[in-house]
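2 protein chains.
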Amino acid sequence: MKTQSCTNPSLARQAILAHSFAGAEPQMGSVQNFVQDREIFAQGAAAEYFYKVVSGVVRTCKFLVDGRRQIDAFHVAGDIFGLEPGAERPLSAEAVCDCTVIAYRKNRLDGMAVHDKNLSWELLSFAMSGMEQAREHSFLLGRRSAVEKVAGFLLAWAEKSQRDSMISLAMSRQDIADYLGLTIETVSRTLSQLERDNVIDLPSVRQIHVLNLELLEDLAA
Amino acid sequence: MKTQSCTNPSLARQAILAHSFAGAEPQMGSVQNFVQDREIFAQGAAAEYFYKVVSGVVRTCKFLVDGRRQIDAFHVAGDIFGLEPGAERPLSAEAVCDCTVIAYRKNRLDGMAVHDKNLSWELLSFAMSGMEQAREHSFLLGRRSAVEKVAGFLLAWAEKSQRDSMISLAMSRQDIADYLGLTIETVSRTLSQLERDNVIDLPSVRQIHVLNLELLEDLAA
DNA sequence: CGGGATTTTGATTCCAATCAAGTCCGGTGG
DNA sequence: CCACCGGACTTGATTGGAATCAAAATCCCG
Chain Y
24 MKTQSCTNPS LARQAILAHS FAGAEPQMGS VQNFVQDREI FAQGAAAEYF
74 YKVVSGVVRT CKFLVDGRRQ IDAFHVAGDI FGLEPGAERP LSAEAVCDCT
124 VIAYRKNRLD GMAVHDKNLS WELLSFAMSG MEQAREHSFL LGRRSAVEKV
174 AGFLLAWAEK SQRDSMISLA MSRQDIADYL GLTIETVSRT LSQLERDNVI
224 DLPSVRQIHV LNLELLEDLA A
Chain W
24 MKTQSCTNPS LARQAILAHS FAGAEPQMGS VQNFVQDREI FAQGAAAEYF
74 YKVVSGVVRT CKFLVDGRRQ IDAFHVAGDI FGLEPGAERP LSAEAVCDCT
124 VIAYRKNRLD GMAVHDKNLS WELLSFAMSG MEQAREHSFL LGRRSAVEKV
174 AGFLLAWAEK SQRDSMISLA MSRQDIADYL GLTIETVSRT LSQLERDNVI
224 DLPSVRQIHV LNLELLEDLA A
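If you're matching them up, the sequences are chains Y and W in order. Residues 24 to 244 in my numbering are what the first sequence spells out, letter by letter. Residues 24 to 244 in my numbering are what the second sequence spells out, letter by letter.
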């Protein structure tokens, strides 16, 4: 599995913010490419840059001592990631599939934000929406059954990546499992069960066709 | 259980931000008191105000259709809550114990932030740290055992509320359970187990004495 | 001292993890 | 073109940990 299709026509939630960086001064940031599974930055490293996804999908995650991995979020085209308070990375970022990002220096931001009130407003709304997304992730992880988690994930990803009934997953089952706090087997079983129940169809491993959206939404509780 | 002691000498993480609201123009906000379990605002309501905790503890939470409750966060003196993007409350806020808060109009903020760049900077750092805390909550909820969750919670609460080895809980077992995605029985059992293992001592229901901090930290993984 | 809520403890059940084979690809080389 | 290979995914059998169901103990307050 090297060349996984990774189309993300994505109308990212944070595109508004991204806009001002990308549009106004393209020379401000440097374009970088990463092949699948390449690390973009590591947990614990110095946080000099933040990034905007141009194409592809990026995961931010944390590794525990015992080898467990928890995925914090998936970022698609237009999303900003790697912008946190603190000089040290609280989590790593990796390319889920081949992808292109733009890196911006964090330290430039401080100065700019002070002068440009529009920018600082956008920054604030970025942070707010980041807060909101982290919150929603928490709710997915709370006392919910495997079905609720998987259904919730599918709906969230469908919204994030596109809006028709054909969902194309950029990430592996393991990624999904690590995002939902489940095992790969449970994710697989749950998807199979949803297919058996005619909620979804799985024409190929990474393609999901939603047959019964209403039911899927009910299952997400 | 009406009058639960709720002392929070708390050097809240976000006190810096709170400062500018509280200090400079106290007349800006209105002081409000809430008795234990009183709702401060409801999920779905219009979000006109945001709040700063003066004393006591506030919980923000979400209610699911089937009656399950998930607690998003506990807020102590100095913390800001109820400041989210969107005009509608994504979650409710309730008084964990009798408490005092200051309410500020959200709409004034926009104008103010534009003029006062210092304020907008503080707002940003509030949002950032909110993002960070939501993320950490996610990590507590991910694939972790009951012991890891409870130990993690104790450490986080100890840091939030005070820093010596005697932790005083403001919240009920049910609150803790709903925060950690566990049942009240499991929380209780886990605490008992920690006591049996001489990691903590439970002189009273809401008082926890940490006997072996290192071990507790290990258990939190 | 009594009564109700909260918490603890115990017994059992159930869901998801673990352990263990299989199956399905996509890619490679004969 | 086909056999083979290896990784990702699926499926099956069993185990384990937390939920559930149920009851006792404790605390708080009148």
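Ideal Cβ placement from N, Cα and C applies to all residues, glycine included. Nothing here was measured: the structure is a model prediction, and the numbers come from that model.
Residue i, DSSP secondary structure in three states
i        : result
ALA193/W : coil
VAL233/W : strand
LEU217/Y : helix
SER188/Y : coil
VAL170/W : helix
THR209/W : helix
ARG82/W  : strand
ASP241/W : helix
VAL228/W : coil
GLN156/W : helix
GLY46/Y  : Any reading at GLY46/Y needs caution, since the residue's pLDDT is 42, under 50, leaving its predicted position unreliable; the model's value is listed next. GLY46/Y: helix per DSSP, three-state reduction.
ALA38/Y  : The predicted position of ALA38/Y is uncertain, since its pLDDT is 40 and thus under 50; no value can be drawn from it.
Check whether residue i and residue j have beta carbons under 9 Å apart
i        : j        : result
VAL77/Y  : VAL54/Y  : yes
ILE207/Y : ALA118/Y : no
LEU164/W : LEU203/W : yes
LEU225/Y : VAL173/Y : no
GLY131/Y : ALA70/Y  : Rather than Gly, the amino acid found at residue 131/Y in this sequence is Arg. No, they are not a contact pair.
ALA181/Y : VAL233/Y : yes
PHE73/Y  : ILE94/Y  : no
ILE223/Y : SER191/Y : no
ALA150/Y : LEU238/W : no
ILE199/Y : PHE162/Y : no
GLN59/W  : CYS120/W : yes
ASP201/W : ARG61/W  : no
ALA179/W : GLU159/W : yes
CYS84/W  : ALA116/W : yes
LEU236/Y : VAL170/Y : no
ASN56/W  : CYS122/W : yes
ALA157/Y : ALA100/Y : no
GLY153/W : VAL124/W : no
LEU128/Y : ALA244/Y : In the sequence on display, residue 128/Y carries Arg and not Leu. No, they are not a contact pair.
LYS75/Y  : GLY109/Y : no
ARG229/W : VAL210/W : no
GLN66/Y  : LEU106/Y : no
Bridge partners - residue i, DSSP secondary structure assignment
i        : result
TYR72/W  : ARG128/W
ILE223/W : VAL233/W
PHE57/Y  : CYS122/Y
GLU62/W  : GLU117/W
Next on the checklist: Give me the subset of the segment 142-165 of chain W whose CB atoms are less than 9 Å from a CB atom of chain Y, sorted by chain position.
Outcome noted: SER143, TRP144, LEU146, LEU147, SER148, PHE149, ALA150, MET151, SER152, GLY153, MET154, GLU155, GLN156, ALA157, ARG158, GLU159, HIS160, SER161, PHE162, LEU163, LEU164, GLY165
Next on the checklist: Residues of the segment 77-105 of chain W in Cβ contact with chain Y at a cutoff of 8 Å, in chain order, please.
Outcome noted: So the close ones are LYS85, LEU87, VAL88, ASP89, ARG91, GLN93, ASP95.
Checklist entry - What residue ranges within the segment 92-147 of chain Y form continuous beta strand (DSSP E) runs of no fewer than 3 residues, ordered along the chain? => result 92-98, 115-118, 122-128
Next on the checklist: Taking beta-carbon pairs under 7 Å, can you tell me which members of the segment 209-240 of chain W lie near chain Y?
Outcome noted: none
Item to check | Near-chain W residues of the segment 65-77 of chain Y (beta-carbon distance less than 7 Å), N- to C-terminal order | outcome: none
Next on the checklist: Give me the subset of the segment 102-127 of chain Y whose CB atoms are less than 9 Å from a CB atom of chain W, sorted by chain position.
Outcome noted: LEU106, GLU107, PRO108, GLY109, PRO113, LEU114
Item to check | Contact residues within the segment 163-194 of chain W, judged by C-beta distance below 9 Å to chain Y | outcome: LEU163, LEU164, GLY165, ARG166, ARG167
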